[in-house]
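Numbering (this note's numbering), first residue to last: 845 to 982.
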């Protein structure tokens, strides 16, 4: 189901708990999904553990932070709202307002497996839909 891979500098449990709560709320507000289907995977690095523009991050400059969102296809307007919301929540809850690069990976239902089966075989009606939830352009 939809999840976010968040790559960022190592931080304490309190920051991750706040991010998990606020990012999930923001995601659910934009996407109109229940929170229990959304997951977040934190990938953390120490100074020297990433580079940007050919320079290794020293722990003092702003780090290169990424969010990789994996989910079903969504329309352009919803993508824009999701990017704005995730960015706003993240910058409000991190040191020095770190600004993430967000990449959206969209997957058709035939490419998503749940409980050992393709999602579209568990719920055949999904294979007929363009998006996860009804939109005006379907």
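Virtual Cβ for every residue (Gly too), placed ideally from N, Cα, C.
Burial state of residue i, where buried means 16 or more other Cβ atoms lie within 10 Å
i	result
residue 933	buried
residue 915	buried
residue 968	exposed
Between the CA atoms of residue j and residue i - distance to the nearest angstrom
i	j	result
residue 898	residue 910	17 Å
residue 863	residue 876	19 Å
residue 881	residue 846	7 Å
residue 959	residue 905	43 Å
residue 879	residue 896	33 Å
residue 893	residue 855	14 Å
Local conformation of residue i per DSSP, three classes
i	result
residue 968	helix
Chain-order list of residues whose beta-carbon lies under 8 Å from that of residue i (same chain, five-residue window excluded)
i	result
residue 930	848, 867, 870, 871, 911, 913, 944 and 946
Neighbourhood of residue i by C-beta distance below 7 Å, restricted to the same chain and skipping five residues each side
i	result
residue 948	913 and 923
Own chain, CB closer than 6 Å to residue i, minus 5 neighbours either side, in chain order
i	result
residue 903	891
request  = Would you list, in sequence order, the uninterrupted beta strand (DSSP E) runs of no fewer than 3 residues that lie entirely inside the segment 925 to 960?
outcome  = The qualifying runs are 945 to 950.
message = Restricting to runs no shorter than 3 residues, where is the beta strand (DSSP E) found entirely within the segment 849 to 919?
response = List check, beta strand (DSSP E) in window: 883 to 889 and 910 to 915.
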